[in-house]
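Encoded as structure tokens, the structure appears first; notes follow it.
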Amino acid sequence: MAAEENSDIVARIGPADIGSSSTGALAAHLGRACGHVLVDARVIQQGYRYHPELGDEIPAFFNKRLSTGSTNLAITLQAGFDPQAERDARGPFTGHDEWAIDPFAECRTTADARAVIEADDYHASLWLARLTVGVQMFDVTDVADPLFIAKHPNEFRALAEELVAVGVLQGHACPVCGDDD
0 MAAEENSDIV ARIGPADIGS SSTGALAAHL GRACGHVLVD ARVIQQGYRY
50 HPELGDEIPA FFNKRLSTGS TNLAITLQAG FDPQAERDAR GPFTGHDEWA
100 IDPFAECRTT ADARAVIEAD DYHASLWLAR LTVGVQMFDV TDVADPLFIA
150 KHPNEFRALA EELVAVGVLQ GHACPVCGDD D
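Numbering (numbering that gives the first Met the number 0), first residue to last: 0 to 180.
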């Protein structure tokens, strides 16, 4: 599958890779995360639903809702793009009229998005994870804050385990946030 060819570029972290599922280990892992997620078949398998662009104001996104019993949670993957396609394309600000093409542009359902992701010519794209607890939105690193964990221990654990499972990237290994030395 095309997403596998990115495995040498981006460190994929799973539950076994962080060494422990303790609160401290999860907090340290999320504290080093940049918040980007490489969207591949795992996103659909984890239960994320695709929502098409909702007019000019709200671009397409993937979303998964969770509940701790007392609070509703959501992880939203937004603003997706393919870093390699962006490097290869030249936008109008460089004097060229060529833009990278959004592979999800014609998708209207989660099944459509799954077909795109499973296509042989799909290159895993990078999306930014945003978290919702109740009605408040957070960045990935915000939930690793000790005060957040103290106030919301159940919510922290549910979000942290889901982010590790979906493969939130560590900042140093991200093609956008990492050092290009």
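All C-beta atoms, glycine included, are put in the ideal place defined by N, C-alpha and C.
7 Å or more divides the Cβ of residue 158 from the Cβ of residue 134. Annotation: residue 72 to residue 103 spans about 25 Å, alpha carbon to alpha carbon. Remark: C-beta atoms of residue 26 and residue 167 do not approach each other more closely than 7 Å. Contact between residue 165 and residue 48 is ruled out by a C-beta separation of about 13 Å, above the 8 Å threshold.
Taken through DSSP and simplified to helix, strand or coil, residue 123 comes out as coil. Cα atoms of residue 149 and residue 132: separation of roughly 14 Å, rounded to the nearest angstrom. At the C-beta level, residue 115 and residue 128 stay beyond 7 Å of one another. Short of 6 Å from the beta carbon of residue 177, and not among the five residues preceding or following it, lie these beta carbons of its own chain, in chain order: 171. Comparing alpha carbon positions, the residue from 119, 79 and 68 closest to residue 100 is 79. Under the three-state reduction of DSSP output, residue 48 falls in the strand class.
Ranked by Cα distance from residue 46, the options 22, 38 and 52 are led by 38.
Per DSSP, the unbroken alpha helix (DSSP H) holding residue 116 starts and ends at 109-117. Residue 156 and residue 22 have their C-alpha atoms some 7 Å from each other.
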